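Everything on this sheet refers to the single structure shown next.
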Amino acid sequence: MNAVLRSLSLASWLLFRLPLAFSLSFVALTLYWIFSGFEVAKELLHWRLLGVAVGTLEAFPNIIAQPLIQKLYPFLEAASIVVIFFLGLLLAYNAAALLNWGLVRVRWKPIRYSTGAPYIFDPVRPLDPEFANVDRIGIVLAGGGAKGAFQAGAMKAVYRYLDEKNALSKVKVIAGTSIGSWNALFWLADLVKPDNGWQGESVHERWWQSISAKSLTAPSWYVPFLRNAFLSTEPWQQVFTHIFSKKPEVANRIATSGIHFYLTRSNVMSGTLECATNNPNPPPITDVAYDILNPGDLAQFMEDLRTAVFSSMDLPPLFPYIRRNGKVFEDGGVIDNVPLIFAAMDACDLIFVLPLNSDFEEELNETSVFARLFRVMDVRQGVLERNGFKMAYLYNELAALRQDAQGLRKQHGLPQTLPLTDNTPLATALRRTNRHANVFTVCPLRSFVNSSIGTQEFWKRKEASKVFRVMYDATWGLLPNFHFDQPEYRVRMALVSMGGNVTWDEEF
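So this is what it looks like as structure tokens:
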């Protein structure tokens, strides 16, 4: 049964999920190799390879060489045939990948993803009193591959709620990792609101309804021990240009949005976090380096932004490393999958956090190497997310304790701060300047993810459309019940089921 399922999965990849230019040429070349080319190559190479192997053994003293040759000769015969056969398959794969890459470069088929103009919100409308005491709003978008469809639906609800409260201008920070960086682009470009009313579909929603692995990635060349990636993001980068760079009004909106963006990536060589930002004076954070992008030169800015986004989404081992300024980068989720710290350190007092890993329960798979690899990645991302929420909880707890301590010191006529020379934990805590931040967070349950769309399943466009709508409806129902105008020191995560029901996780 497992063998049948694996065969069906392979057929699905070759016929439906990979580009036809690659699939058809690879199948044709493979069939030619099996039924014709292999015999020709074996006649030409078999005895030569065998001669090289025997000649290598003959370099040993005769007393050792002759027994080795006698014993190993059948093995060397078989090994040379196996090497020739798999060398032919490797050549067929790379030839098909090269053909497809050439067609991608010349853009042989139109890009399927729709574009649109940025939404222009009315600054004259009065601010809702609910947000009168909110100074700076931050949006934090976690990584999770195709699970970003859940996040996108929740984003639409948050965007709509802030728009109806006329509070969109209070969004000052957006921080993203991996697919969160991609979703962040649509917020920065104001492509989240539908152009025909909130019941319609935006450019962002239509993007998720149109996803397919073949339109976003392409097989890349591969040679064992010389290459550690299998796919190219060249088609996806063309989609970036199509949606965000080609239209001047969209590129200008991103460059002039007034929102500080922080798009994280992992420095492969140093094992530290690096962040692309448009903030000329980003907050100093231990072990975080910044790549400050300059919006003054729009063309260069968009080129640098594209590099920033795709290095943030550089999921290992699928995609090759991305290099910039002599450094090598891969997916930001390797180090921090929910970059809460940037919104906190940029003085946000209200933070919307949209994670993608609520729990880690899953049935055991003992047959697939890739299933095991992605399982490890999911668990690791989830653990990093929970650590981020623990940080937010402790961040608020520290602010509350400092506030209480300052109240007690005032009550007893003592100075509000202690001398700089005092290095006790209390003095250090009192000298900190972090403010309390309300945190609104919503996340799909793991059971919802398992029954719909997972990290690598970018071919499930129907499922992506469905989860987008469920998360939008659930988040829209939650927002009116959150007290944005009152301090909330707890961190509570709303967990959404497949039916749209909500439970709460407060164990941080």
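Take the sequence shown: its position 364, counted from the start at 1, is 1441 in the numbering used here, and no numbers get skipped. Glycine included, every Cβ here is placed at the ideal spot set by N, Cα and C. Because the structure is a prediction, the values reported are computed rather than measured.
Query, Result
"Uninterrupted alpha helix (DSSP H) stretches inside the stretch 1119 to 1205 (no shorter than 4 residues)", "1139 to 1182"
"Backbone secondary structure at LYS1537 - three-state DSSP", "coil"
"Straight-line gap, ARG1083 to ALA1156 (C-alpha atoms, nearest Å)", "Residue confidence is low: ARG1083 scores 46 on pLDDT, short of 50, so the model does not pin down where it sits. No coordinate-derived value is stated."
"Test item: CB-CB of LEU1572 and CYS1520 under 7 Å", "yes"
"Own chain, CB closer than 8 Å to HIS1319, minus 5 neighbours either side, in chain order", "ILE1188, TYR1190, THR1192"
"Integer Cβ distance of TRP1285 from ASN1171, believed to fall under 8 Å", "Incorrect: roughly 32 Å between the Cβ atoms, too far for contact."
"Outcome for VAL1081 when other beta-carbon atoms lying within 10 angstroms are tallied against a minimum of 16", "Model confidence at VAL1081 stands at a pLDDT of 45, short of 50, so the residue's coordinates are unreliable; what they give is reported in the following sentence. Exposed, by the Cβ-count rule."
"Contact between the stretch 1301 to 1319 and the stretch 1112 to 1131 (3+ Cβ pairs under 8 Å)", "no"
"Inter-stretch contact (C-beta, 8 Å, three-pair minimum) for the stretch 1539 to 1547 and the stretch 1249 to 1262", "no"
"At least 3 beta-carbon pairs within less than 8 Å: the stretch 1324 to 1344 vs the stretch 1407 to 1418", "yes"
"Span separating the alpha-carbon of PRO1325 from that of PHE1406", "29 Å"
"Residues near VAL1516 in its chain [Cβ-Cβ closer than 7 Å; skip 5 each side]", "ILE1428, VAL1430, ALA1469, VAL1568"
"Three-state secondary structure assigned by DSSP to ALA1571", "strand"
"Contact set for ASP1212: own chain, Cβ-Cβ below 7 Å, skip 5 residues either direction", "ASP1426"
"Same chain, Cβ closer than 7 Å to PRO1096, neighbours up to 5 away in sequence not counted", "ASN1177, LYS1291, ALA1295"
"Counted within 10 angstroms of its Cβ, other Cβ atoms place LEU1108 as buried (16 or more) or exposed", "exposed"
"Straight-line gap, PRO1195 to ALA1209 (C-alpha atoms, nearest Å)", "26 Å"
"GLY1222 beta carbon less than 7 Å from that of THR1532", "yes"
"Option nearest GLU1207 by Cα separation, candidates PRO1557, MET1575, ASP1550, LEU1522", "PRO1557"
"ARG1213 (DSSP reduced to helix, strand or coil)", "coil"
"Best match in PRO1361, ASN1371, ASP1364, THR1349 for proximity to ASN1355 [C-alpha to C-alpha]", "ASN1371"
"ARG1330 beta carbon less than 7 Å from that of ALA1229", "no"
"Start and end residues, beta strand (DSSP E) containing VAL1579", "1579 to 1582"
"Sequence-distant residues of its chain with Cβ nearer than 8 Å to MET1078 (five each side left out)", "Here the model assigns MET1078 a pLDDT of 45, short of 50, so the residue's position is not dependable, and the following value carries that caveat. If we look at MET1078 and ignore the five residues flanking it on each side, it has no Cβ neighbours."
"Residues bridged to PHE1517 (per DSSP)", "PHE1429"
"Residues of its chain near VAL1235, where Cβ-Cβ distance is below 6 Å and the 5 sequence neighbours each way are ignored", "PHE1429"
"Cβ-Cβ distance between ASN1260 and GLY1225 below 7 Å", "yes"
"Through-space distance from GLU1135 to GLN1147, alpha-carbon basis", "11 Å"
"Beta-carbon contacts of GLY1215 that lie in its chain and below 6 Å, excluding the five residues immediately before and after", "VAL1250, ALA1420, CYS1425, ILE1428"
"Pairwise C-alpha distance: ILE1412 and VAL1365", "11 Å"
"Proximity to PRO1151 [Cα-Cα], best of MET1232, GLY1128, LYS1539, GLU1282", "GLY1128"
"Secondary structure of TYR1339, DSSP reduced to three states", "strand"
"Distance, LEU1101 Cα to VAL1316 Cα", "24 Å"
"Identified DSSP bridge partners for GLY1274", "ASP1272"
"Whole-angstrom distance between ASP1423 and PRO1393, CA atom to CA atom", "30 Å"
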